Amino acid sequence: MSKNNPQAIRGTQDIFGADAEAFACVVETFERVRKLYRFRRVEMPVFEKTEVFSRAIGETTDVVSKEMYSFEDRGGESLTLRPEFTAGIARAYLTNGWQQHAPLKVATHGPLLRYERPQKGRYRQFHQIDAEIIGAAEPQTDVELLAMADQIIRELGITGVTLHLNTLGDADSREAWRAALVEHFRAVKDELSKESQERLEKNPLRILDSKDPRDRKFVGTAPKIDFFLSDEAKAFFKAVTSGLDAAGVEWVRAESLVRGLDYYRHTAFEFIPDEGSEAAGKLGSQSTILGGGRYDGLMESLGGTPTPAVGWAAGIERLAMLVGDKAEEPVEIAVIPISEVGNLRAIEVAQDLRNSRFSAEIFARGNMKKRLARADQAGAMAAIIIGEDEIASGQLQFKHLGTGEQSTLTLDEASERAWELRLDRDVEKFDSHMDTLEDAVNSLGDED
RNA sequence: GCGAUCGUAGCUCAGUUGGUUAGAGCGCCGGUUUGUGGUACCGGAGGUCGGGGGUUCGAGACCCCUCGAUCGCCCCA
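Note that this note's numbering numbers the first sequence so that position 232 is 214, with each residue one more than the last.
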């Protein structure tokens, strides 16, 4: 922190310890669940030609107009560090002829970069998990995609978060609605907030979720999208909502949810913490945890043939803030050489244990007291102690750190004891898990 | 990009209206019969008080600039 130590770039983070465990937990859960829904893994470049993003996302959006990390490479070409996944995946779909795999379900995760003012839950380099279904126009596609999002959030143990759902209709519906909104707000332009007066030109849909009371006054009476929806668009939305009900995904209608990027059509959604919930408190002023929608127009704006698609992305950091502390796994077996003479034997024993799939660590710093204390602190089930006597006899001291009981064993016997201890521990874990489940069920009964 | 608050040992913080060698807890290292743990006790290392400049006889405390974090706006994951 002091002196001449180099500082990290603003808005970047060095994630470590419990935070890193929570981060990994999110990624692991995502990887596990995405396989249940049979999304295929893809790896994408972290940068693209600038036009990939500017054409896909829209020149006038904040992301493109002021948040991109763009630079010229040595060949004079304008490149941009990815601010999102969707545009790059769409580009890959076109350049690699992935039409042959349509409907294509893909998933990925990794870092994104946006030049923004950092805050809690908001960074210049942040990380997302991302899922897309390309080449499928059916509303069931949206349902499956959302069901997966819902399951990931549930399996992470996150509560107090609800799916907010809206439809923007097809291109014509959206245009007609937009025109009506502009007309509605232009009539009262002078009474709107300064921001919304600007939005009127750039992004009128955004006025709908303004928090300014001056704007809110006119939002209630603003024209509703439902009035402009074509019959097809209505039927599409109805199919999505009834599909979500069938899948058991809870949702609420959010008529003013519009999403910032130009490419959205039909379904638009965000998972948002309920007001006043614990989750909302943990996120600071950030609200959206996961967001996305249908982007049927995107492929065309990149020069491809019209291709329907839906997708979402979720902030790993934001999800990690909600999963609670994840402790690092304790070590199973501590290997303790008593003095330098035990060092080599300790290495042999530790390797043998690791080859048998036990986590093992050698504790060889400080005196005997410190070594055992450290082993204990690391959560070891048992310590294997190796001194001169043991090297002479070819046996080991095996100390159970729970009971303190210690015995002289061969390596094979020690390994066998380790298996028993692991089994005991797992059974115990299972029991306590069952107890908490039972308590939860009982308290549910009390409430009703 | 705009507005506000904050920045003291690895971590969490205390430092009276500016006054002498900047403190605590935890952590770390060593020790309390040199082959044995989670407790207790003793000792030690570690800070030019985010950085730079200024006011003053004197600044961690006051002023300016800068960097960073946090909060609100904008926007978003």
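For each residue, glycine too, the CB sits at the ideal point set by N, CA and C.
As the structure is a prediction and not an experimental result, all values here were calculated from the model.
{"Check": "Option in T141, I367, A316, R241 with minimal Cα separation from W294", "Outcome": "R241"}
{"Check": "Per-residue burial, M363 [other beta carbons within 10 Å of its own, 16 or more giving buried]", "Outcome": "buried"}
{"Check": "Presumed contact (8 Å Cβ cut-off) between F12 and H91, rounded CB distance", "Outcome": "6 Å"}
{"Check": "Neighbourhood of M26 by C-beta distance below 7 Å, restricted to the same chain and skipping five residues each side", "Outcome": "F67, G70, I71, A74, T90"}
{"Check": "Three-state secondary structure assigned by DSSP to P186", "Outcome": "helix"}
{"Check": "M130 burial status per 10 Å Cβ neighbour count (16 or more: buried)", "Outcome": "buried"}
{"Check": "Close beta carbons around D55, own chain, < 7 Å, minus the five adjacent residues each side", "Outcome": "L61"}
{"Check": "Continuous alpha helix (DSSP H) stretch holding K199: start and end", "Outcome": "195 to 201"}
{"Check": "Whole-number beta carbon distance between T(-6) and R106, since they are thought to touch under 8 Å", "Outcome": "6 Å"}
{"Check": "Candidates I(-9), K411, G117, A113: closest to D132 by CA position", "Outcome": "A113"}
{"Check": "Rounded straight-line distance, which links the Cα of R198 to that of K216", "Outcome": "26 Å"}
{"Check": "Own chain residues within Cβ distance below 8 Å of L378, not counting five before or after", "Outcome": "V331, I366, I367, I368, E372, T390, L391, T392, L393, A396"}
{"Check": "G139 versus L272: straight-line alpha-carbon distance, rounded", "Outcome": "15 Å"}
{"Check": "The beta strand (DSSP E) enclosing A296, as first and last residue numbers", "Outcome": "291 to 297"}
{"Check": "Reduced DSSP secondary structure (H/G/I, E/B, other) of R407", "Outcome": "helix"}
{"Check": "Under the three-state DSSP convention, the category G279 falls into", "Outcome": "coil"}
{"Check": "Beta strand (DSSP E) segment containing D112, residue limits", "Outcome": "107 to 116"}
{"Check": "Contact set for M(-17): own chain, Cβ-Cβ below 6 Å, skip 5 residues either direction", "Outcome": "Bear in mind that the predicted position of M(-17) carries a pLDDT of just 41, short of 50, making it unreliable; the figure below should be weighed with that in mind. Nothing meets the Cβ criterion."}
{"Check": "Opposing strand residues paired with L252 [DSSP bridges]", "Outcome": "A small fix is needed here, since residue 252 is Glu in this sequence, not Leu. Partner(s): H146, G273."}
{"Check": "Inter-residue spacing [alpha-carbon to alpha-carbon] between D408 and V423", "Outcome": "23 Å"}
{"Check": "Segment limits, beta strand (DSSP E) that includes K87", "Outcome": "86 to 95"}
{"Check": "Host alpha helix (DSSP H) of P121 (start-end)", "Outcome": "121 to 137"}
{"Check": "Touching by the beta-carbon criterion (3+ pairs, under 8 Å), the region 242 to 256 and the region 34 to 45", "Outcome": "yes"}
{"Check": "Every unbroken alpha helix (DSSP H) within the region 356 to 397, with a cutoff of 4 residues, ordered by chain", "Outcome": "370 to 375"}
{"Check": "CB of A119 within 7 Å of CB of P290, strictly", "Outcome": "yes"}
{"Check": "Same chain, Cβ closer than 8 Å to A(-4), neighbours up to 5 away in sequence not counted", "Outcome": "The sequence given here has Asp at residue -4, not Ala. Around D(-4): A(-10)."}
{"Check": "One or two residues paired with Q101 in a DSSP bridge", "Outcome": "R104"}
{"Check": "Bridge partners - I315, DSSP secondary structure assignment", "Outcome": "A342, A364"}
{"Check": "Helix, strand or coil at R(-8) according to DSSP, with G and I counted as helix", "Outcome": "coil"}
{"Check": "Cβ neighbours of S267 in the same chain (closer than 7 Å, five flanking residues each side left out)", "Outcome": "Q101"}
{"Check": "At least 3 beta-carbon pairs within less than 8 Å: the region 279 to 286 vs the region 176 to 188", "Outcome": "no"}
{"Check": "Contact check, L301 vs I315, beta carbons under 7 Å", "Outcome": "no"}
{"Check": "Pairwise C-alpha distance: V313 and K352", "Outcome": "16 Å"}
{"Check": "8 Å contact criterion, which L226 and L187 should meet: CB distance rounded", "Outcome": "Not a contact, Cβ separation roughly 23 Å."}
{"Check": "Buried versus exposed call for Q110 [16 or more other C-beta atoms within 10 Å across all chains shown]", "Outcome": "buried"}
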